[in-house]
Structures are given as structure tokens and as C-alpha cells.
Amino acid sequence: MLQHQDILGELNNTLPIDKKLVAVHRVMKNRFEFIDRVAIALYDPKTDTIKTFVDSSSDSSPLVHYEACLSETQSLRHIKETGQPRVVDDIATYAAVPHEHTRKIRDSGFRSSYTMPMYVNGNFFGFVFFNSFQKGVFTSEALHFLDIFGHLISLVVITEISQIHTMLAAVKSARLMTHHRDLETGSHLDRMSRYSQLIARNLADRHGFDDEAIEHIFLFAPLHDIGKIGIPDRILLKPGGLSEAELSEMRTHAIKGREIIDGIIADFGLEGLQHVDVLRNITQFHHEAMDGSGYPNGLKAEEIPIEARIVAVADIFDALTSNRPYKEAWSNDAAFEALLKLAGVKLDAACVEALVNNRAAVEEIQSRFREDYFG
Numbered sequence: 001m002l003q004h005q006d007i008l009g010e011l012n013n014t015l016p017i018d019k020k021l022v023a024v025h026r027v028m029k030n031r032f033e034f035i036d037r038v039a040i041a042l043y044d045p046k047t048d049t050i051k052t053f054v055d056s057s058s059d060s061s062p063l064v065h066y067e068a069c070l071s072e073t074q075s076l077r078h079i080k081e082t083g084q085p086r087v088v089d090d091i092a093t094y095a096a097v098p099h100e101h102t103r104k105i106r107d108s109g110f111r112s113s114y115t116m117p118m119y120v121n122g123n124f125f126g127f128v129f130f131n132s133f134q135k136g137v138f139t140s141e142a143l144h145f146l147d148i149f150g151h152l153i154s155l156v157v158i159t160e161i162s163q164i165h166t167m168l169a170a171v172k173s174a175r176l177m178t179h180h181r182d183l184e185t186g187s188h189l190d191r192m193s194r195y196s197q198l199i200a201r202n203l204a205d206r207h208g209f210d211d212e213a214i215e216h217i218f219l220f221a222p223l224h225d226i227g228k229i230g231i232p233d234r235i236l237l238k239p240g241g242l243s244e245a246e247l248s249e250m251r252t253h254a255i256k257g258r259e260i261i262d263g264i265i266a267d268f269g270l271e272g273l274q275h276v277d278v279l280r281n282i283t284q285f286h287h288e289a290m291d292g293s294g295y296p297n298g299l300k301a302e303e304i305p306i307e308a309r310i311v312a313v314a315d316i317f318d319a320l321t322s323n324r325p326y327k328e329a330w331s332n333d334a335a336f337e338a339l340l341k342l343a344g345v346k347l348d349a350a351c352v353e354a355l356v357n358n359r360a361a362v363e364e365i366q367s368r369f370r371e372d373y374f375g
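If you count the sequence shown from 1, position 29 lands on 29 in my numbering, and the numbers rise without skipping.
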């Protein structure tokens with residue numbers, strides 16, 4: 001019997017995407033030594049932005065925590081519009097291009113590249129980048145095999161992200177089936193998830209977040225209040241203040257949310273989903289307070305997972321600056337002032353500062369995701 005070693009057997013294991021990408025890159029280099037970096041960028045159609053996700057760089061990556069508007073990036077926009085990949089034999093020919101990502105790749109010593117668009121069911125999803133420190137190495141033979149590897153990498157990424165989207169769709173369906181209305185409109189979830197992303201990106205160095213972790217916080221943030229599905233309408237939709245008994249029942253949504261998430265993970269077979277504990281933490285602990293006065297566990301300060309602290313600030317800020325049946329929207333100045341008063345007491349001070357100190361980005365999110373009559 002012929003013995004054969006599966007060169008991509010690592011992909012059968014439960015590994016984060018970046019480790020799988022490194023494994024694929026290692027196999028590629030056995031045949032094409034000039035492939036020095038493989039990277040993935042994801043596309044957000046709601047904001048028309050491309051953002052760094054994972055790469056296989058063994059050393060420090062030339063691009064981290066970076067995003068750019070696709071419509072302002074001519075070459076990448078052309079790839080998306082045509083669906084055709086692009087070879088750059090000499091990156092130096094782009095010396096006059098003002099885009100930061102091109103400069104950083106060039107300044108890191110890379111001299112040529114091959115870029116493939118990623119699609120899922122015909123919808124543009126992002127890019128796969130192959131970079132080399134050598135010029136003119138992407139021959140027809142090399143491109144033949146890189147296309148195969150590129151589609152393999154796309155499938156690995158799409159499988160991971162699609163699992164999360166499946167979970168989001170399941171939650172949305174559950175809300176509709178239970179006639180869940182609450183005050184969490186689609187625009188609210190769009191805004192608070194992007195505030196969470198903004199905060200996480202600004203705290204990345206402090207907490208060691210890579211782009212994959214930031215993306216998962218962004219994707220999971222909208223599920224923070226999923227437990228409210230289990231709260232009766234008489235409490236959830238009550239126009240006035242809640243009694244002590246009603247308030248106590250409302251607070252059970254944090255535990256209910258954790259139970260719902262655990263159920264969805266089990267029912268959809270998502271136990272291998274990367275960063276799933278980030279989702280559990282966001283759902284269960286986003287109402288904990290720095291001074292220990294929060295719920296459901298009364299955690300204090302660093303006991304509260306950082307992702308829950310991030311989402312708490314994002315959620316409260318958007319609640320303050322949004323219209324509600326019982327209040328008018330606060331101005332950003334008033335909301336920032338309120339957050340700063342809560343910093344270090346109820347809310348994580350660094351998370352508050354990360355939001356307050358990025359006012360322009362906050363206003364851009366608000367402008368893009370304005371509330372309308374239908375939410």
C-alpha cells in the first residue's frame with residue numbers, strides 16, 4: 001500500500017484562520033519559494049471599505065488595523081468591477097500612488113504582487129494578496145497554481161465568516177418569529193457594532209488584538225442583547241419605568257442570551273467557530289460595571305472581559321444619542337460628557353477615551369447609518 005502524507009492535513013484541525021493561512025503558505029513555498037506573504041482583506045459593502053483581516057507574515061505585518069474606501073482605490077476597485085485578478089510585476093511602478101497600503105507594502109521590501117478577488121454566491125467578499133520580495137516572478141505556470149490556492153484560501157475564509165452570518169441570520173429569524181421589536185433597530189446595531197470596532201482598533205496594541213479579533217468583535221457586537229427575545233413584551237415594550245420585579249426579570253436577559261447562544265452553537269454545529277468565547281462574553285457580561293455594581297455576576301474592573309467592556313461603551317453611547325419614545329437624542333457633546341463621568345466607575349476608562357478621542361470617525365458612522373422612520 002502506498003503511504004502518502006496529506007500536505008494540507010492541518011486544515012482538518014480546529015485552527016484559527018491565521019494558522020490555516022500559514023499552513024497553506026508553507027505548502028506553497030515548497031513549490032514557489034518566492035511567495036513571501038499571503039494576506040486577506042475583507043469587504044464591508046455597507047461602508048464600501050476594505051479592511052485587513054489575516055496574513056501569513058512571520059515577522060511584523062506591514063499592514064495591520066488598516067481600512068480604506070474601495071471607491072477611492074482605483075486598482076482594487078477595478079478588480080472588483082471586472083472580477084479579474086491583477087499581477088503587478090514591479091511595485092515600484094506605483095511609486096507615485098498615494099494610497100497608504102501601497103506605500104507600506106513597497107516600503108516593507110515587497111516588489112511584486114498577485115491579487116485575486118473573493119466571491120461567495122456571486123457576491124464580492126474581499127481580496128487574497130500574494131506578495132514577493134522579488135520582481136517579475138509571477139509567471140503563467142505560477143499563476144496557474146496560485147489560482148487554485150487562492151480559491152482554497154477563499155473557501156477557508158468564507159466558511160468561517162459564513163458560520164457567523166448563519167448565526168446572525170438565525171438570531172434575526174428568532175426575533176421575527178417572536179415578534180421581537182425592542183428599541184434595537186437595524187441602524188442602532190450597525191452603529192454600535194462599528195463603534196465597537198472603532199474602540200477595539202484603538203485599543204489593539206494595549207490588549208494585543210489582531211485584525212481577526214477586531215473583526216469578530218465587530219461581527220458579534222450586534223448579538224449583545226439577544227437574550228431580550230426571552231423577555232415578555234409587557235416588560236420589554238413597557239413605555240414607562242419598570243418596577244423592581246420587572247427590572248429584575250429584565251436583567252435575566254444576560255443569562256438568557258448566553259443560553260440562547262450556547263443553544264445556537266450546538267444546534268448549528270458551530271462548536272469549532274473561532275473566538276466563540278468572545279461572543280459568549282459579549283452576550284453575558286455587557287452589563288457588568290467596573291465598580292462591581294453590574295449584572296449578572298457583579299464582576300469588577302479587569303474581571304470583566306475586554307470585549308464586553310468595549311460593547312458596553314458602544315451600546316450606551318448609541319442609546320444616549322438616539323431618539324427613544326421616552327427621550328430625545330442627546331448631542332454628542334452631552335453623551336461624551338456622560339460617558340466621561342462614568343469612566344472608571346461604571347465603564348472602562350480606556351474604552352471611553354477611545355470613542356471620545358475619535359469624534360470624526362464617530363460622526364462618519366452616524367452620518368452613514370442615520371435612523372429613518374422604519375429604523
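Note that beta-carbon positions come from the ideal geometry of N, C-alpha and C, so glycine has one too.
Under the DSSP definition of a beta bridge, CYS69 partners with THR49. Assignment of beta-bridge partners to LYS327 by DSSP yields ARG324. According to DSSP, residue pairing for ARG37 in a beta bridge involves ASN131. The region 309 to 318 makes no contact with the region 251 to 258; the number of CB pairs closer than 8 angstroms stays below 3. In the DSSP annotation of this structure, the continuous segment of the alpha helix (DSSP H) that includes ARG359 starts and ends at 359 to 368. Pairing LEU168 with SER61, the inter-Cα distance amounts to about 31 angstroms. Distance check between VAL276 and each of LEU11, ILE7, PRO16 places PRO16 closest, using alpha-carbon atoms only. Inter-segment contact for the region 189 to 201 and the region 359 to 367 is present: three or more beta-carbon pairs are separated by less than 8 angstroms. Rounded to whole angstroms, the gap between the alpha carbons of ASP18 and GLU271 is 18 angstroms.
In the DSSP assignment, MET28 falls within the unbroken alpha helix (DSSP H) covering 17 to 31. Distances from the CA of GLU288 to each of ILE316, VAL137, ALA213, ASP262 were compared; the closest alpha carbon is that of ILE316. Per DSSP, MET250 lies in no beta strand (DSSP E); the unbroken alpha helix (DSSP H) holding it starts and ends at 244 to 250. Going by DSSP, ARG258 is part of the alpha helix (DSSP H) stretching over 253 to 267. Contact between THR283 and ILE261 holds: CB atoms are separated by about 5 angstroms, below the 8 angstroms threshold. No Cβ-Cβ contact shorter than 9 angstroms links GLY122 with ILE50.
Taking a contact as a CB-CB distance under 8 angstroms, the pair VAL128 and ILE217 does not count as one, their CB atoms being some 23 angstroms apart. The beta carbon of VAL345 lies closer than 8 angstroms to those of ALA289, MET290, ASP291 in the same chain, with the five residues before and after it left out.
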